[in-house]
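For reference, the structure discussed in these notes is given below.
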């Protein structure tokens with residue numbers, strides 16, 4: 001497998017330094033991508049780079065994931081309009097631990113052959129004092145060279161300027177590349193297209209300091225067709241940690257991709273072959289309403305990020321909320337996950353003691369809660385066949401609900417009409 005060609009047909013390649021493809025075709029090479037530990041979880045904005053490392057490893061090369069224990073305490077100015085908040089060592093250490101666990105789901109970390117390696121730049125920066133740094137690194141790169149970078153120019157032209165801390169970031173990242181080149185035989189650095197300036201500074205430092213040769217490659221930044229930021233929703237970022245973004249919401253994010261976005265995303269975020277994708281596109285174009293591409297994308301990426309079991313729960317949740325699926329899958333789910341499924345759906349809390357002797361439907365829905373404004377409205381809806389509780393249609397107003405009816409000994413799911421849901425929580 002030709003790594004560069006793989007990125008090219010998938011629409012991922014942005015910039016590549018001359019002779020990079022030729023170097024990679026000579027045999028196994030080590031290449032790295034840096035990840036800033038700004039949170040204890042990666043999010044879908046990191047997935048392009050994760051997929052780049054996956055393709056790199058599949059092509060027979062050795063991926064190196066650099067987690068920025070040192071650079072994360074400084075902040076990269078690329079693509080930023082404001083100074084980033086600095087983090088403590090404890091915050092960075094906590095975030096690194098979460099990121100390591102997630103990357104291990106996508107890459108094969110093995111000691112032999114082209115097994116992935118994870119490194120932390122704090123290991124070589126923690127004892128590197130300032131005077132040594134400006135002697136060993138600073139003297140090789142001119143201020144003129146640093147000022148010419150787009151990331152620096154934009155910040156200097158802005159209202160808030162740029163601190164020396166962030167101005168020096170490209171030297172710090174450049175030294176990362178130099179260190180990995182010298183000690184880990186890392187000849188390639190990869191990253192998003194906004195990283196080109198920082199990456200090239202590293203190749204320049206290797207050339208000027210040790211007369212060495214190193215290479216650079218960047219990938220396209222993912223943008224949504226409607227102009228909104230990829231990986232962001234009204235409720236915030238889409239995280240890879242199921243505790244921050246449930247597998248159901250994660251699945252829905254991909255399932256809701258527009259037709260114009262999904263044709264690019266299925267190439268970038270799945271490992272499906274060109275032939276498989278083109279066959280899916282043909283089916284999709286013949287029946288767009290079936291959302292074949294969206295389903296294929298959502299299923300593939302949910303399994304690889306979470307698990308086949310998580311995908312099954314996500315699909316059953318979707319069938320339940322938007323179709324005629326049963327409630328069985330809710331049984332045994334943790335309370336937090338059930339509440340996450342019903343986020344945004346009206347919720348009412350009642351005392352479990354109120355259910356001790358059973359409570360009739362009108363009293364439950366119009367007195368103990370305000371699912372309905374009055375008992376008369378409950379009666380009208382029941383007579384029209386529009387009320388279900390726990391997916392069972394209510395036909396008798398006098399039917400009483402007790403603690404025995406609670407799902408997971410805690411919930412009642414009320415459905416008014418086809419799509420109006422309410423959650424009653426008994427405590």
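Residue numbers (my numbering): 1 to 427. Where a beta carbon is used, it is the ideal one built from N, C-alpha and C, also for glycine. In this text the structure is predicted, and so the values were computed from the model without any measurement.
(message) For the beta strand (DSSP E) containing residue 310, name the first residue and the last one.
(response) As a first step, residue 310 is located in the chain shown; it is residue number 310 there, counting from the start. Note, residue 310: premise wrong, no beta strand (DSSP E); alpha helix (DSSP H) at 308-322.
(request) Evaluate the contact criterion for the segment 168-178 versus the segment 12-23: three or more CB pairs, one atom per stretch, below 8 Å. (result) no
(request) Indicate the three-state DSSP secondary structure (helix, strand or coil) for residue 429 in the structure shown. (result) Residue 429 is absent from the structure shown; the chain starts at 1 and stops at 427.
(message) Considering only the alpha carbon of each residue, which of 17, 100, 347, 140 lies closest to residue 200?
(response) Within the chain shown, the letter at position 200 stands for residue 200. Selected option, being the one with the closest Cα: 17.
(request) Report the residue from 202, 38, 147 whose alpha carbon sits nearest the alpha carbon of residue 212. (result) For the purposes of this step, residue 212 is identified with residue 212 of the chain shown, where counting begins at 1. For the residues 202, 38, 147, the minimum Cα distance to residue 212 belongs to 202.
(request) Assuming residue 121 and residue 36 form a contact by the criterion Cβ under 8 Å, report the distance between their Cβ atoms to the nearest whole angstrom. (result) Against the chain shown, residue 121 aligns to sequence position 121. Against the chain shown, residue 36 aligns to sequence position 36. At roughly 11 Å, the Cβ-Cβ gap does not stay under 8 Å, so residue 121 and residue 36 are not in contact.
(request) Going by DSSP, name the residue or residues bridged to residue 374. (result) For the purposes of this step, residue 374 is taken as residue 374 along the chain shown, with counting starting at 1. Residue 374 pairs with nothing; no bridge assigned.
(message) Assuming contact is defined by CB atoms lying nearer than 7 Å, are residue 225 and residue 261 in contact in what I supplied?
(response) Working through the chain shown from its first residue, we reach residue 225 at position 225. Working through the chain shown from its first residue, we reach residue 261 at position 261. Taking 7 Å as the Cβ cut-off, residue 225 and residue 261 qualify as a contacting pair.
(request) For the beta strand (DSSP E) containing residue 301, list its first residue and its last residue. (result) Within the chain shown, residue 301 is the residue found at index 301, counting from 1. Looking at the DSSP string, residue 301 is not in any beta strand (DSSP E); the run it does join, the alpha helix (DSSP H), is 292-305.
(request) Rank 263, 421, 161 by C-alpha distance to the C-alpha of residue 348 and give the top, closest one. (result) Working through the chain shown from its first residue, we reach residue 348 at position 348. When each option's Cα is compared against that of residue 348, the closest is 421.
(request) Scan the segment 174-261 and note each continuous beta strand (DSSP E) run of 3 residues or more that stays entirely inside, going in chain order. (result) Fully enclosed beta strand (DSSP E) runs of 3 or longer: 186-192, 215-219.
(message) Please classify residue 323 as buried or exposed, where buried requires at least 16 neighbouring CB atoms within 10 angstroms.
(response) Numbered from 1 along the chain shown, position 323 holds the residue referred to as residue 323. Answer is exposed; the Cβ neighbour count stays below 16.
(request) Determine the extent of the alpha helix (DSSP H) in which residue 144 is found, giving its start and end residues. (result) On the chain shown, position 144 is the one that residue 144 refers to. It spans 143-147 - the alpha helix (DSSP H) in which residue 144 sits, taken as one unbroken run.
(request) Starting from residue 51, trace the alpha helix (DSSP H) both ways and give me its first and last residue. (result) Locating residue 51 in the chain shown gives position 51, counting from the first residue. Start and end: 47-58.
(message) Can you tell me whether residue 34 is helix, strand or coil according to DSSP?
(response) The residue labelled residue 34 in the question sits at position 34 within the chain shown. Strand at residue 34.
(request) Inspect the beta-carbon positions of residue 231 and residue 45 and report whether they are closer than 7 Å. (result) What you label residue 231 is simply residue 231 of the chain shown in a count that begins at 1. What you label residue 45 is simply residue 45 of the chain shown in a count that begins at 1. Taking 7 Å as the Cβ cut-off, residue 231 and residue 45 qualify as a contacting pair.
(message) Does the structure place the segment 338-357 close enough to the segment 398-405 that three or more beta carbon pairs sit under 8 Å?
(response) Enough Cβ pairs lie closer than 8 Å, so yes.
(request) Put residue 64 into one of helix, strand or coil per three-state DSSP. (result) To locate residue 64, count along the chain shown from 1; it is residue 64. Reduced to three states, the DSSP call for residue 64 is strand.
(request) Put residue 439 into one of helix, strand or coil per three-state DSSP. (result) Residue numbering for the chain in the displayed model covers 1 to 427; residue 439 lies beyond these limits and cannot be assessed.
(message) Tell me the rounded alpha-carbon separation between residue 222 and residue 191.
(response) For the purposes of this step, residue 222 is identified with residue 222 of the chain shown, where counting begins at 1. For the purposes of this step, residue 191 is identified with residue 191 of the chain shown, where counting begins at 1. Going by the C-alpha atoms only, they are around 12 Å apart.
(request) Assign residue 167 to one of three DSSP states: helix, strand, or coil. (result) Position 167 of the chain shown holds residue 167. Collapsing the DSSP output to three states places residue 167 in a helix.
(request) Using the Cα positions of residue 147 and residue 269, report the straight-line distance between them to the nearest angstrom. (result) Numbered from 1 along the chain shown, position 147 holds the residue referred to as residue 147. Numbered from 1 along the chain shown, position 269 holds the residue referred to as residue 269. Computed Cα separation, rounded: 35 Å.
(message) Does residue 151 come out as helix, strand or coil in the three-state DSSP assignment?
(response) The residue labelled residue 151 in the question sits at position 151 within the chain shown. DSSP places residue 151 in helix when its eight states are reduced to three.
(message) What would DSSP say about residue 285, mapped onto helix, strand or coil?
(response) To locate residue 285, count along the chain shown from 1; it is residue 285. Reduced to three states, the DSSP call for residue 285 is helix.
(request) Go through its chain and collect everything with a Cβ distance to residue 23's Cβ below 8 Å, but skip five positions before and after it. (result) Your numbering for residue 23 matches position 23 in the chain shown. Cβ neighbours of residue 23 beyond the five flanking positions: 29, 187, 188, 215.
(request) On the DSSP bridge assignment, give the partners of residue 387 in chain order. (result) The residue you call residue 387 lines up with position 387 of the chain shown. BP columns for residue 387 point to 416.
(request) Quick one: using the 10 Å Cβ neighbour count with 16 as the cut-off for buried, is residue 77 buried or exposed? (result) As a first step, residue 77 must be located in the chain shown, where it is residue number 77. Caution applies to residue 77, whose pLDDT of 49 falls short of 50 and renders its modelled position unreliable; the value that the coordinates give is listed next. So residue 77 counts as buried.
(request) Leaving out five residues on either side along the sequence, give the residues of the same chain with a beta carbon under 6 Å from the beta carbon of residue 174. (result) Translated into the one-based positions of the chain shown, residue 174 becomes position 174. Only 201, 202, 205 meet the Cβ criterion.
(request) Count the C-beta pairs between the segment 336-343 and the segment 373-388 that are closer than 8 Å, then say yes if the count reaches three, no if not. (result) no
(request) Mind checking who residue 409 pairs with in its DSSP beta bridge? (result) Numbered from 1 along the chain shown, position 409 holds the residue referred to as residue 409. Paired residues: none, contrary to the question.
(request) Go ahead and label residue 182 buried or exposed: buried means 16 or more other beta carbons lie within 10 angstroms of its beta carbon, across all protein chains shown. (result) Against the chain shown, residue 182 aligns to sequence position 182. With fewer than 16 neighbouring CB atoms inside 10 Å of its own CB, residue 182 falls in the exposed class.
(request) Starting from residue 91, follow the alpha helix (DSSP H) in both directions and report where the run begins and ends. (result) Counting from 1 along the chain shown, the entry for residue 91 is found at position 91. Here the alpha helix (DSSP H) through residue 91 covers 89-106.
(request) Name the one or two DSSP bridge partners that residue 359 has. (result) Within the chain shown, numbered from 1, the residue matching residue 359 stands at position 359. Its beta-bridge partners are 401.
(message) Just to confirm my understanding: we take residue 415, look at its own chain, exclude 5 residues before and 5 after, and list those with CB closer than 6 Å. What are they?
(response) Within the chain shown, residue 415 is the residue found at index 415, counting from 1. Cβ neighbours of residue 415 beyond the five flanking positions: 388, 421.
(message) Measuring only the C-alpha atoms, how far is residue 257 from residue 292?
(response) Locating residue 257 in the chain shown gives position 257, where the first residue counts as 1. Locating residue 292 in the chain shown gives position 292, where the first residue counts as 1. Cα-Cα distance, rounded: 11 Å.
(request) Mark residue 81 as exposed unless 16 or more other C-beta atoms lie within 10 angstroms of its C-beta, in which case mark it buried. (result) Taking the chain shown and counting its residues from 1, the one referred to as residue 81 is at position 81. Residue placement at residue 81 is flagged as unreliable, the pLDDT there being 44, under the threshold of 50; a coordinate-derived value is accordingly withheld.
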